[in-house]
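Trainee:
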Amino acid sequence: MKTQDLTPEDVRIAWANLKPQIERYARLVVRQGVNVQHGQEVVVQAPVERADFARMLARAAYEAGAGHVTVIWADDELSRITYENVETAWFEQVPEWQRVQLDSLARAGACFIFVEGSDPTALSGIDPAKPAAASKARNTQCTVFRRGLDFNINPWCIAGAPVAAWARHVFPDLDEEWAVLTLWRAILAAARADGDDPESDWELHDATFDKNLRFLNERRFDALRYTTDAGTDLTVGLTDAHVWAGGRSKTPEGVPFFPNIPTEEVFTSPDRLRADGVVYSAMPLIHHGTKIDRFWLRFEHGEVVDFGAEVGYEALKSILDTDAGARRLGEIALISKNTPIRESGILFYDTLYDENASCHLALGIGFPECYEGGYDMDAAELERRGVNASSTHVDFMIGTDDMDIVGIMPDGSEVPVFVNGQWSWE
Ligand code: ZN
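Under the working numbering, the first residue of the sequence shown is numbered 4, with each subsequent residue one higher.
Okay, here's the thing in structure tokens:
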């Protein structure tokens, strides 16, 4: 619908109806997302274009007992201007003040809310070495901050909010204001935050995670076999001490939080040496602004030995050529087709949403949390035990409505896990 087909009064009413829902979503992110504790420092990183939502989060955080809220603004256009005008070498060092800011907030026990909302094509044409250098610098130099997130010492939550350029990309046929409003609605629905009481909806959601995780972790499958009518027939081996994760995480002190809102996946890291067969993509993969679509990969002994793509072959090849680990799997994730994101049918051009739309695999690095005792191992030891190592991690969707997955027990017997794209016990 074009906004001009609506009267200004229609648009005003639509926004007025949406506002209380966005406020409930802000409370969800604060209370279930990072689970703010009394007196805690709360950090909100948000696009400056969504200052209204950042203010809602700050208010909700104080209501939940926050001691102080720090807001760090982000802006796609300003990032672009900076990348256009500043040499790569500058991005290899995090400015001293920024390192002190992030590390001292992490050391003070802050929780971090990352509001994700950006133009999927914001950096098209920019030398990818610059953003890569900036993110590598932040990950290696802000050590307290990085460790705080990686080891769940500081509760953190990534949640989305629309900006105009993103909304135009997802809904190109709508006028800008209506596109933003429509993307808000899609975000709230995807986040299970469009009901009267999102916080209790998430308690229920978490109970489903618990049930599925318990089933998978008790079975101790040796491998999973995926099949679809389109030709996917892939068997992926699991490590001897694999752990299925998903839903809530916990700080070492036991404070529960949701690192992603939305989240639908239960996932583990497979054995890097055991994947055999062919897998076909189920959705386009957007990688650094390039679309890769209708592609397939053939695995032998865990490694991609052949591949093809109708769209974006070169981009797929460049992912696989990143390093040796980029040809092996670091993650397998199970997601039922009965989820709000999948049912919406919307391609969000944003991994937070799109990776929750269907069962996926990821090429590249695996997760220490997906191996018993993995947090206490270094990268070399994890690799020796079968958890993949790489400098990249790229998710791609493989789950179709007809996908069957069987779990193979160490004695060779088979247990249905997915039938026609959903949990066999659903
Ligand atoms: Zn995943």
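All residues carry an ideal CB built from backbone N, CA and C; glycine is no exception.
Looking only at its own chain, which residues have a Cβ that is under 8 Å from the Cβ of Leu430, when we skip the five neighbours before and after it?
Mentor: Residue coverage of the chain in this structure runs from 4 to 429, which leaves residue 430 outside it and unanswerable.
Trainee: Is the Cβ-Cβ distance between Thr342 and Glu267 less than 8 Å?
Mentor: Against a cut-off of 8 Å, the Cβ pair of Glu267 and Thr342 comes out as a contact.
Trainee: Would the C-beta of Asp353 count as close to the ligand ZN, meaning under 7 Å from any of its heavy atoms?
Mentor: No, Cβ of Asp353 sits at least 7 Å from all heavy atoms of the ligand ZN.
Trainee: With distances taken from each beta carbon to the nearest heavy atom of the ligand ZN, which residues come in below 7 Å, in chain order?
Mentor: My final list is Glu268, Phe270, Glu334, Ala336, Glu358, His363, Ala365, Asp398.
Trainee: Drop a sphere of 10 angstroms on the beta-carbon of Arg30, count the other beta-carbons inside from all chains shown, and report buried for 16 or more, exposed for fewer.
Mentor: Counting Cβ neighbours within 10 Å, Arg30 comes out buried, since at least 16 surround it.
Trainee: If you count every other CB in all the chains shown that lies within 10 Å of the CB of Val89, and 16 or more means buried, which is it?
Mentor: Classification for Val89: exposed.
Trainee: Would you tell me roughly how many angstroms separate the C-alpha atoms of Ala248 and Asp8, rounded to the nearest one?
Mentor: Looking at the two C-alpha atoms, the distance is approximately 47 Å.
Trainee: Is Ile264 near Ala194, with beta carbons less than 8 Å apart?
Mentor: Taking 8 Å as the Cβ cut-off, Ile264 and Ala194 qualify as a contacting pair.
Trainee: Check whether the Cβ atoms of Val147 and Ala109 sit closer than 8 Å, and answer yes or no.
Mentor: In contact: Val147 and Ala109 (Cβ atoms closer than 8 Å).
Trainee: Helix, strand or coil: which one does DSSP assign to His172?
Mentor: Correct three-state label for His172: helix.
Trainee: Given this structure, state the Cα-to-Cα distance separating Glu66 from His396, to the nearest angstrom.
Mentor: Their backbone Cα atoms lie some 37 Å apart in a straight line.
Trainee: Terminal residues of the continuous alpha helix (DSSP H) containing Leu276?
Mentor: Premise fails: Leu276 lies in the beta strand (DSSP E), 273 to 283, not in any alpha helix (DSSP H).
Trainee: Got a sec? Which residues, its chain only, sit under 7 Å from Glu306 by beta carbon, not counting five neighbours each side?
Mentor: Here the set comprises Arg330, Arg331.
Trainee: If I follow the unbroken beta strand (DSSP E) through Pro419, where does it start and stop?
Mentor: Run containing Pro419: 417 to 422, per the beta strand (DSSP E) assignment.
Trainee: Quick one: any contact between the stretch 237 to 247 and the stretch 267 to 277, if contact means 3 or more CB pairs under 8 Å?
Mentor: Counting Cβ pairs under 8 Å, three or more are found: they touch.
Trainee: Using CA coordinates, which residue listed in Ala327, Gly377, Ile401 is at the minimum distance from Arg345?
Mentor: When only C-alpha atoms are compared, the closest one is Ile401.
Trainee: Over what stretch of residues does the beta strand (DSSP E) that includes Arg228 continue unbroken?
Mentor: Here the beta strand (DSSP E) through Arg228 covers 226 to 230.
Trainee: Could you compute how far the alpha carbon of Tyr374 sits from the alpha carbon of Pro287?
Mentor: C-alpha separation (whole angstroms): 30 Å.
Trainee: Give every residue of the same chain whose Cβ lies closer than 6 Å to the Cβ of Asp461, excluding the five residues on either side of it in the sequence, and list them in chain order.
Mentor: With the chain covering 4 to 429 only, the question about residue 461 has no answer from this structure.
Trainee: State the DSSP-derived secondary structure class of Ile75, mapped to helix, strand or coil.
Mentor: Ile75: strand per DSSP, three-state reduction.
Trainee: With a threshold of 16 other CB atoms inside 10 Å of the CB of Ile335, please say whether the residue is buried or exposed.
Mentor: With 16 or more other Cβ atoms within 10 Å, it is buried.
Trainee: Could you work out which residue in Thr211, Trp181, Val118, Glu386 is closest to Asp55 when comparing CA atoms only?
Mentor: Comparing Cα positions, the closest option is Val118.
Trainee: Do you know how far the Cα of Asn20 is from the Cα of Tyr378?
Mentor: Going from the Cα of Tyr378 to the Cα of Asn20 covers about 45 Å.
Trainee: Any idea which residues DSSP pairs Gln48 with across the strands?
Mentor: DSSP, once it has assigned bridges, lists Ile75, Phe117 as partnering Gln48.
Trainee: Suppose the cutoff is 6 Å on Cβ atoms and the five residues either side in sequence are ignored; what does the same chain contact list for Cys362 look like?
Mentor: Contacts found: Leu337, Ile338, Ile401, Gly402.
Trainee: Measuring alpha carbon to alpha carbon, tell me which residue in Trp159, Phe351, Arg188, Ile190 is nearest Phe260.
Mentor: Of the listed residues, the one whose Cα sits closest to Phe260 is Trp159.
Trainee: Measure the C-alpha to C-alpha separation of Trp205 and Gln35 and round it to an integer number of angstroms.
Mentor: Spanning the two alpha carbons is a distance of roughly 8 Å.
Trainee: Ends of the alpha helix (DSSP H) at Glu26?
Mentor: Note, Glu26: alpha helix (DSSP H), 11 to 31.
Trainee: Who does Glu303 pair with in a DSSP beta bridge?
Mentor: Beta-bridge pairing links Glu303 to Glu306.
Trainee: Please return the same chain residues whose Cβ sits closer than 6 Å to the Cβ of Glu358, not counting the five positions on each side in sequence.
Mentor: So the list reads Asp398, once near-sequence residues are dropped.
Trainee: Just the C-alpha distance for Pro262 and Ala383, rounded to the nearest angstrom, thanks.
Mentor: Taking the straight line joining both Cα atoms gives about 26 Å.
Trainee: With C-beta atoms as the reference, is Asp78 less than 8 Å away from Pro50?
Mentor: A contact, by the Cβ cut-off of 8 Å.
Trainee: In terms of residues, what are the limits of the beta strand (DSSP E) holding Glu386?
Mentor: Glu386 -> not in any beta strand (DSSP E); alpha helix (DSSP H) instead, spanning 382 to 387.
Trainee: Relative to the C-alpha of Gly333, which residue among Leu385, Leu319, Arg150, Asn423 is closest?
Mentor: Of the candidates Leu385, Leu319, Arg150, Asn423, the one whose C-alpha sits nearest the C-alpha of Gly333 is Leu385.
Trainee: Bridge partners of Met400, per DSSP?
Mentor: Paired residues: His363.
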